[in-house]
Amino acid sequence: ELKVEQNPLFLSMQEGKNYTIYCNYSTTSDRLYWYRQDPGKSLESLFVLLSNGAVKQEGRLMASLDTKARLSTLHITAAVHDLSATYFCAVGGNTNAGKSTFGDGTTLTVKP
Amino acid sequence: DAGVIQSPRHEVTEMGQEVTLRCKPISGHNSLFWYRQTMMRGLELLIYFNNNVPIDDSGMPEDRFSAKMPNASFSTLKIQPSEPRDSAVYFCASSWTVSGANVLTFGAGSRLTVL
C-alpha cells in the first residue's frame, strides 16, 4: 500500500522567510502532484512532476522531485500572506491509472 | 468549461435520511473520483471510475455508501441511511491522462451535515 507522508503538518512563518515542505512516499512512482486548498475552498492543482529531477516554479513556490529518494519538496521563497493555505502532495500509482494517494496536507500560515 | 459541478453545495439532514450527492465532470475527462474530507481523517478517496466503470471502491466506508456513474457526464454518491459520522465535505474530481499525468480538477464540494 502506497503511503504518503508530509512534514511538517503545520507551519507558521513570517513574511519574507523561506521554508521547505517535504513529501515522502513509500513505493516507486514518477508522478507527483502538488495541490493547494484555501480555507473553506476546494483543491486546485499547482504542479505536476513527472520525472526524476523535475523542477517546476511558479512565483514564490518551487517544487522538485527525487524519485530515487522518493521525495518531493515544495520550497517557499520570501513568503507572503497570500500563500497561507493547505498544501497537499499526491503520488500517482503505477498500476492504477488515475488514482492518486494524498498526503495529510501542510497548513501554512504566513504572518506579517 | 464550467469545471466540475457538484450539487448540492450544502446539505443538512437528519440521521437515517437518504442523501444523494451529484457530480458533473468536465467534458472529455475519463476518470471520476469521489473524496471525503474531514478534520479527523483528512482527504480520503472513496471510489473512482474510469470510462464510467468503477475501478476501486475500497475506500467506501460501508454498505450504506453507494456510487454510480450511468454515463460520462453524471455521477451520484448515495448514503442510506445517513449517520452523524458521515458529516464531511464530499469532493468530486475528474481527470484525463495527458503525457502520463492525471491532474485532478476538483469540484467546489458538497458540505454534508447529519444531525
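Residue numbers (our numbering), protein chains in the order written: chain A, 1 to 112; chain B, 1001 to 1115. Backbone N, C-alpha and C fix where the C-beta goes; we use that ideal spot for every residue, glycine too. All figures in this text were calculated on a predicted structure; none of them were measured in a lab.
Let me see if you follow: with CB-CB separation under 8 Å, is residue i close to chain A or not?
i, result
"Y1056 (chain B)", "One point to set straight first is that residue 1056 (chain B) is Asp, not Tyr, in the sequence displayed. At least one chain A Cβ lies under 8 Å of D1056 (chain B)."
"G1042 (chain B)", "yes"
"F1106 (chain B)", "yes"
"Y1090 (chain B)", "no"
"G1109 (chain B)", "yes"
From residue i to residue j, what distance separates their C-alpha atoms?
i, j, result
"K111 (chain A)", "T86 (chain A)", "15 Å"
"V1103 (chain B)", "I76 (chain A)", "22 Å"
"N96 (chain A)", "N1050 (chain B)", "Any reading at N96 (chain A) must be qualified, since the residue scores a pLDDT of 49, below 50, and its modelled position is unreliable; the value itself is stated next. Each residue's alpha carbon lies about 10 Å from the other."
"L46 (chain A)", "A63 (chain A)", "9 Å"
"I1026 (chain B)", "A1002 (chain B)", "8 Å"
"L74 (chain A)", "K99 (chain A)", "21 Å"
"K1024 (chain B)", "F1074 (chain B)", "5 Å"
"Y25 (chain A)", "L49 (chain A)", "14 Å"
"V1053 (chain B)", "F1033 (chain B)", "11 Å"
"S72 (chain A)", "T20 (chain A)", "10 Å"
Name the chain B residues that come within less than 9 Å of residue i, Cβ to Cβ?
i, result
"R31 (chain A)", "G1100, A1101 and N1102"
"F10 (chain A)", "Within chain B, no residue comes near F10 (chain A); the closest Cβ sits about 13 Å away, beyond 9 Å."
Using a Cβ cut-off of 7 Å, pull out every chain B residue sitting near residue i, in sequence order please.
i, result
"K3 (chain A)", "None at all; the shortest Cβ gap to chain B is about 13 Å."
"S42 (chain A)", "F1091, F1106, G1107, A1108 and G1109"
Residue i CB to nearest chain B CB: under 8 Å?
i, result
"V91 (chain A)", "no"
"L74 (chain A)", "no"
"G168 (chain A)", "In the structure as shown, chain A starts at 1 and stops at 112, and residue 168 (chain A) therefore has no counterpart that could be examined."
"K68 (chain A)", "no"
"K111 (chain A)", "no"
"L65 (chain A)", "no"
"K17 (chain A)", "no"
"S26 (chain A)", "no"
"S45 (chain A)", "yes"
"S113 (chain A)", "With chain A represented from 1 up to 112, any question about residue 113 (chain A) goes unanswered, as that position is not in the structure."
Using C-beta distances below 8 Å, list every residue in its chain close to residue i, excluding the 5 sequence neighbours before and after it, in chain order.
i, result
"G1100 (chain B)", "none"
"E60 (chain A)", "Sequence check: residue 60 (chain A) is Arg here, not Glu. Within the same chain, R60 (chain A) has close Cβ partners I76, T77, A78, A79, V80 and L83."
"E1018 (chain B)", "K1078, I1079, Q1080, P1081 and S1082"
Mind listing the chain B neighbours of residue i? Cutoff is C-beta to C-beta under 8 Å, in chain order.
i, result
"V48 (chain A)", "A1101 and V1103"
"K56 (chain A)", "The premise fails here: K56 (chain A) is roughly 12 Å from chain B at the closest Cβ pair, so nothing lies under 8 Å."
With a threshold of 7 Å on Cβ separation, who are the neighbours of residue i within its own chain once the five nearest residues in sequence on each side are excluded?
i, result
"N1030 (chain B)", "N1050, N1051 and W1096"
"D38 (chain A)", "A85"
"E1044 (chain B)", "Y1035, R1036 and G1059"
Spatial neighbours of residue i within its chain, please: C-beta separation below 6 Å, excluding the five flanking residues on both sides.
i, result
"T1076 (chain B)", "T1020, R1022 and K1068"
"E1014 (chain B)", "L1115"
*How about the stretch 99 to 110 of chain A and the stretch 3 to 10 of chain A: do they share at least three Cβ pairs that are nearer than 8 Å?*
The answer is yes - the stretch 3 to 10 of chain A touches the stretch 99 to 110 of chain A, with three or more Cβ pairs under 8 Å.
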